[in-house]
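Enquirer:
Protein chains in written order, with this note's numbering: chain Y, 1 to 165; chain A, 1 to 704.
1) State the start and end residues of the unbroken beta strand (DSSP E) segment that holds residue 58(Y).
2) Does the segment 131-138 of chain A come close enough to the segment 151-168 of chain A that 3 or more CB-CB pairs lie under 8 Å?
3) Helix, strand or coil for residue 290(A) per DSSP?
4) Counting C-beta neighbours from all protein chains within 10 Å, is the total for residue 8(Y) 16 or more, i.e. buried, or is it exposed?
5) Between the segment 56-89 of chain A and chain Y, which residues of the former have a C-beta closer than 7 Å to a C-beta of the latter?
6) When you compare only the Cα positions, how much space is there between residue 267(A) and residue 62(A)?
7) Determine, using beta carbons only, whether residue 69(Y) comes closer than 8 Å to chain A.
8) With 8 Å as the threshold, decide whether the Cβ of residue 293(A) is near any Cβ in chain Y.
9) Of all the CB atoms in chain A, is at least one closer than 8 Å to the CB of residue 66(Y)?
10) According to DSSP, which residues form a beta bridge with residue 39(Y)?
11) Starting from the Cα of residue 21(Y), find the closest Cα among 152(Y), 75(Y) and 122(Y) and give me that residue.
12) Going by Cα to Cα distance, which pick from 5(Y), 37(Y) and 47(Y) is closest to residue 154(Y)?
13) Give me whichever residues DSSP pairs with residue 71(Y) in a beta bridge.
14) In whole angstroms, give me the CA-to-CA distance for residue 13(Y) and residue 64(Y).
15) So does the segment 84-95 of chain Y actually touch the segment 105-119 of chain Y, counting three or more Cβ pairs closer than 8 Å?
16) So residue 113(Y) contacts chain A; which residues on that side make the cut at Cβ distance below 7 Å?
17) In whole angstroms, what is the alpha-carbon distance linking residue 433(A) and residue 314(A)?
18) Got a sec? Which residues, its chain only, sit under 6 Å from residue 542(A) by beta carbon, not counting five neighbours each side?
19) First and last residue of the alpha helix (DSSP H) that includes residue 159(A)?
20) Give the DSSP-derived three-state secondary structure of residue 324(A) in the structure shown.
21) For my contact list, residue 291(A) and residue 240(A) are in at a C-beta cut-off of 8 Å; report their separation, rounded to the angstrom.
22) With a threshold of 8 Å between beta-carbons, can residue 56(Y) be considered close to chain A, or not?
23) Looking at chain A, is there any beta carbon in it that lies within less than 8 Å of the beta carbon of residue 162(Y)?
24) Thinking C-alpha only, which one of 187(A), 211(A), 261(A) and 179(A) is nearest residue 228(A)?
25) Taking Cβ-Cβ distances below 7 Å as the criterion, which residues of the segment 217-231 of chain A are in contact with chain Y?
26) For residue 87(Y), would you say it is in contact with chain A, using Cβ-to-Cβ distances shorter than 8 Å as the test?
27) Using DSSP bridges, identify the partner residues of residue 81(Y).
28) May I ask which residues mark the beginning and end of the beta strand (DSSP E) holding residue 301(A)?
29) Give the range of the alpha helix (DSSP H) segment to which residue 221(A) is assigned.
30) Assuming the contact rule is C-beta atoms closer than 8 Å, residue 54(Y) and residue 73(Y) should be a hit. Round their C-beta distance to whole Å, please.
31) Output the distance between the C-alpha atoms of residue 307(A) and residue 93(A), rounded to the nearest integer angstrom.
32) In this structure, how does DSSP classify residue 311(A) when only helix, strand and coil are distinguished?
33) Is the number of C-beta pairs between the segment 69-81 of chain A and the segment 34-47 of chain A that are closer than 8 Å three or more?
34) Please report the straight-line C-alpha distance between residue 9(A) and residue 51(A), rounded to a whole angstrom.
35) Tell me which residue opens and which closes the alpha helix (DSSP H) that residue 110(Y) is part of.
36) Against residue 12(Y), what residues of chain A qualify as contacts under a CB-to-CB distance less than 8 Å, listed in chain order?
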C-alpha cells in the first residue's frame, strides 16, 4: 500500500492522458516520482498570451488530495497573479487554513474536489483574466491596470521567449 | 562546480599557510604557534574548518540520504537561513563567552539540525514513494539512531556542565538538543506508522489519528520546553531573542494540533454516529466515485447531511484537516442539531415528508378548532352538525391516513410546541398558519381552496357531505347508513345552510374576477349570515340537545375513527386535552382533528379541481343549491373539464370553518369571525350592507 495520494495521482494522470483538456499537457516528471509533475500550458486564445507554451512544475504534498499542490512556472512570465519567481497565486491552491493575501473566503480554497485538471484550467483562465485585486506580482498588476499596451507587449515578449524565439 | 573551486581554493590556501609557517619555523611546534598567532593564517584555518564541516556533511548526506531531492534541498536552505540568523542572535546574548569553541559548538548544532530536518523530510517522503527499499529503511533507522544518540549525549553533557559549572551557554545547547530529540522521536513515530502502513495492503485508517495525537503530544512537550527555557533564560541571562520565532511557531503548531484534534474528533464522532451509511442503492445510482480518492465506492461509505457520499476513511482524513463537506463546503460542525434532524430525514424520508405536511394542517386544524370554539360557545347548535359530519367522514373514508406516523422524539415535541402558538393565533383570525398557498389577492381561490380542502378530507364521503347539509332534502339516497346516522337525526331540523355546497361554488365564481367584487360578495354573505343567525339562535336549544345525542353516538360509532386520529401529528396528549375541554360543548373535536391531516394529502388534487371549476365558469349554479347530492355530483362533473367526478365534487362541499380560517387574511373574514365570536352581528353587518344583495340567502348558508 503506497498511500492514497499516490493512487489518486495515478488516477488523475490516467484521466489526463485519456481525456486531455484542450491546451494542457501534464504528467509526472518521471514515473518513479508521482509527486512532481510537469505541465505545459498553452496561452489562451484572444489574449496577449496567445500562442505561448508555458512550462510549469507541480509539486504535490504527501497528503495530496487533502492539501493543495504547489505550482510554479519554470519559464519567465509576467502576470499579476504569478510571483516573479514563477509561483502561481490562485485561491484554489491555498489550503483553507492559510490566507496569504487575506482576502479569500474559504469557499474558494483548496478542497479534495479540485484536481490537477481543474487547477490547470483555473490557471488558463487566470492567464486570460488577471485578478489585479490580489496581486502576487505588483509590478505586473500595476502595468496591467495602468498600461495595458505595455503589459501586452511584455506578454508577447514572454510568449516569444516561451517558444524559444 | 563553484563549490568544488572554493573547496580547492580553501585547500590551496591552507596548504600555503601551513607550508609558509613550516618554511619559516622549520619545526612543528613553532610553526603551530606562528599560525595561531597570525590572524590571516587563523582565518584561513577557520575557513578550512568550515570547508571540512561542509565536506563531512556532504559525506554523511551521501551516506544516509544518497541524493537529496529538490524539495528537500529547498527546505533545507530555507530553514538554514532562519537557523543562521537565530544563531547570530544567540551570539549577541552570549557575546561574553564568545570563543572559537563556542562558534564550533553552534556550527555543530546547526549541522545536526540540518540532519534532523533532512530526516524529517525523508520520512515524510516515505508516504509518497511508491516503493521503499531495504536500503531506505536501513539508512533511516541508522540515521535516527545516530541523531538520537548524539542528542542524548549533548543533552547529558549540557546538563552536567550546567550542574557543575553553573548556568552558561550550555543551557542553550541543552534545550536545543532536547528540542532536536523531540524531533527525532517524532520522526521515529512517523517512521513506525508509515512502515506499518506500508506492510498492509489497505490504507490504514487510524494512522492519521495516531499521527495527530503524537503530534499533539510532541507539540505539548515542545511548548513546555520552550516556556521553561525562556523562563530560565530570563532569570539567568536576558530575554532569549533568538528563541522567539521557534517558540512562536511551536506554540502555534501546538494550538493547531489541539484544535485539529478537538474538531476532527467531533467531526469524526458525528460521522460515525450521526451520518448514515450510504445504502447500496445510493452507491449504485449515478456517479459513485469518491471525490477524495477518485476511486469507486463499494462499501464503507458515509453520507453527509448535504447528501454527498464519500469513503469513510477518506472523509475521516479530510475531517482531520477541515470540518467541511469537500464538495459543497457545508460546515458539518456548525449544525450539530440540524444535522441530527437531517439525518433523521434521510433515514426516514417518508416519515418526514408525511410529518411536514401534517404539521401545517395540524396548525390549521388547531387554529380552526380554536376559531370555531368561539362561535360555538355562542351557538353550538349552529355548527353542531358540521364537525360531526366530519367525524362521519373520517369514519367513512375507508383507508386510514396512509402514513402511520410515529413521531420521532424531537418531532413529537414540535407539534406540541406549535400548538400553543396556533392556539394563540387562533382567536385573531389572521393566523399565518392557515394562510392558504394562494396569495391574498386571489381570495376567491383561497376560499375555494378552503372549501375544497375540507371537501378533500371527506374524500369518498364528501359526496354525501353536501347533502347532509341540506335538511330540506331528507332523501339522501347515496348515504351509507353507517356513516350518516347523525344526518338523519338532523334532517328534521329546519336549520342551517340548506345549499352550502352549491352556493360556495357559485359564489366563488362570482368572486373570481376582481378583488373588490370578491369583497362585495363576501359582504353580502355577511348580511345573509346575520339574518340567518337570527333564525338560527332560535334553534340553538334544539341543537344543543341534538349535540348531546351526537356525542353519545359518536362515542359509540367513532371507535374505529380514533385510530387515524392517533396517527395525526397532533400528539395524543393534545387530542385528549381537546377532547376533554370540548366535552362540555361539543365532543367532536378529536374526530375533526383526526380527519384533518387528510387535507394536506388532498390539497393538490383539490387545487386542480379549483382551477377546473373556475374555468368551467358555470355561474348559474343557484339551482344547484337545492339539488340533492346526486345532482350536485353530476353538475360538478359537467363543470370540471378534465378532473374526475370525484375530484370535482370535492370543492362543492364547502366547509365554513375551513373557509373561515383560510380566508382569515381577508378583512371581511376577520370581521365575520369577530362578529361570530362577539355576537355583534348587527353592527358588523350594517357596515357591510352597502353592497348589493342578490343571493344573500344562499351565501349565508354556505358560510355556515
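Positions of the beta carbon are idealized from the N, C-alpha and C atoms, including for glycine.
Expert: Looking at the atomic coordinates:
1) 53-59
2) Judged by Cβ distances under 8 Å, the segment 151-168 of chain A makes no contact with the segment 131-138 of chain A, as fewer than three pairs qualify.
3) coil
4) buried
5) Listed by position along the chain: 71.
6) 44 Å
7) no
8) yes
9) It does: the Cβ of residue 66(Y) has a partner Cβ on chain A nearer than 8 Å.
10) 26(Y) and 56(Y)
11) 122(Y)
12) Residue 154(Y) has its Cα closest to that of 47(Y), out of 5(Y), 37(Y) and 47(Y).
13) 58(Y)
14) Between residue 13(Y) and residue 64(Y), the C-alpha separation is close to 14 Å.
15) yes
16) 291, 326 and 327
17) Its pLDDT being 39, under 50, residue 433(A) is placed unreliably by the model, and the measurement read from it follows with that caveat. Whole-angstrom Cα-Cα distance: 45 Å.
18) none
19) 134-165
20) strand
21) Residue 291(A) to residue 240(A), Cβ: 47 Å. No contact.
22) no
23) no
24) 179(A)
25) none
26) no
27) Bridge partners of residue 81(Y): none, in fact.
28) 301-303
29) For residue 221(A), the uninterrupted alpha helix (DSSP H) segment begins and ends at 206-236.
30) 6 Å
31) Approximately 59 Å, taken between the alpha carbons.
32) strand
33) no
34) If I take the Cα positions, the gap works out to 10 Å.
35) No alpha helix (DSSP H) holds residue 110(Y); DSSP gives it neither H nor E.
36) Ordered by position in chain A, the residues that pass the 8 Å Cβ test against residue 12(Y) are 294.
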